[in-house]
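Participant:
Residue numbers (the working numbering): 1 to 188.
In structure tokens form, the structure reads like this:
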């Protein structure tokens, strides 16, 4: 009995220490992702100041490659970073690269949480903005309708992203000279 009790206690100690280590590693990874995200969000300001984007494109490309290999086992962090990379690429006019990153983030978020999730809606909104940047207003509208529909089903009415998504969709309707529809959407 003593040997069995000792084995159980030892097993609990080992499993607890492994669990705590995994939690620390997850927290560290989340902090790194947040740091990188805040760093990459400053890209727009650099571009606005007329800086050359060639080096930045190279850094973003290498970052995307590392995400492919190093974060394949952590889809939550991978999705978060791909979302941020997409924002950076979009800011510097790398529309194809932004689309790749946002589609992968969308795929990961849907795999993690299903279609009815606010992060899924954010990716649809991103893809809608991208379509607008390409003057594909009908495509933008399709994505933005999805972005509006999801939070109306799952998010509290006070969620600040709902009016943001509605405003983007209304803007697409204005781009298509559908002013009455845009007005109705904004009056909600």
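Note that the Cβ used here is the ideal one computed from N, Cα and C, for glycine as well.
#1: In its own chain, which residues sit with a C-beta less than 6 angstroms from the C-beta of residue 174, not counting the 5 before and 5 after it?
#2: Taking the alpha-carbon of residue 138 as reference, which of 172, 65, 105 and 96 has the nearest alpha-carbon?
#3: If distances are taken between C-alpha atoms only, which option among 141, 109, 176 and 58 comes closest to residue 82?
#4: Starting from residue 131, trace the alpha helix (DSSP H) in both directions and tell me its first and last residue.
#5: Taking the CB atoms as reference points, tell me whether residue 88 and residue 130 lie closer together than 8 angstroms.
#6: Roughly how many angstroms separate the alpha carbons of residue 128 and residue 161, rounded to a whole number?
#7: Could you pull out every residue in the same chain whose Cβ sits closer than 6 angstroms to the Cβ of residue 155, ignoring the five residues on either side in sequence?
#8: I'd like to check one pair, residue 106 with residue 123: are the Cβ atoms closer than 8 angstroms?
#9: In whole angstroms, what is the alpha-carbon distance linking residue 150 and residue 140?
Facilitator: Taking the coordinates as given:
#1: Translated into positions along the chain shown, residue 174 becomes position 174. Cβ neighbours of residue 174 beyond the five flanking positions: 182.
#2: Locating residue 138 in the chain shown gives position 138, counting from the first residue. Answer by Cα proximity: 172.
#3: Against the chain shown, residue 82 aligns to sequence position 82. Considering only alpha carbons, the answer is 109.
#4: Here residue 131 is taken as the residue at index 131 of the chain shown, counted from 1. Residues 118-133.
#5: By one-based count along the chain shown, residue 88 stands at place 88. By one-based count along the chain shown, residue 130 stands at place 130. Cβ atoms of residue 88 and residue 130: not closer than 8 angstroms.
#6: Counting from 1 along the chain shown, the entry for residue 128 is found at position 128. Counting from 1 along the chain shown, the entry for residue 161 is found at position 161. Computed Cα separation, rounded: 14 angstroms.
#7: To locate residue 155, count along the chain shown from 1; it is residue 155. Here the set comprises 118.
#8: Within the chain shown, residue 123 is the residue found at index 123, counting from 1. Within the chain shown, residue 106 is the residue found at index 106, counting from 1. In this structure, residue 106 lies closer than 8 angstroms to residue 123 by Cβ.
#9: In the chain shown, the residue the question calls residue 150 occupies position 150. In the chain shown, the residue the question calls residue 140 occupies position 140. Taking the straight line from one Cα to the other gives about 16 angstroms.
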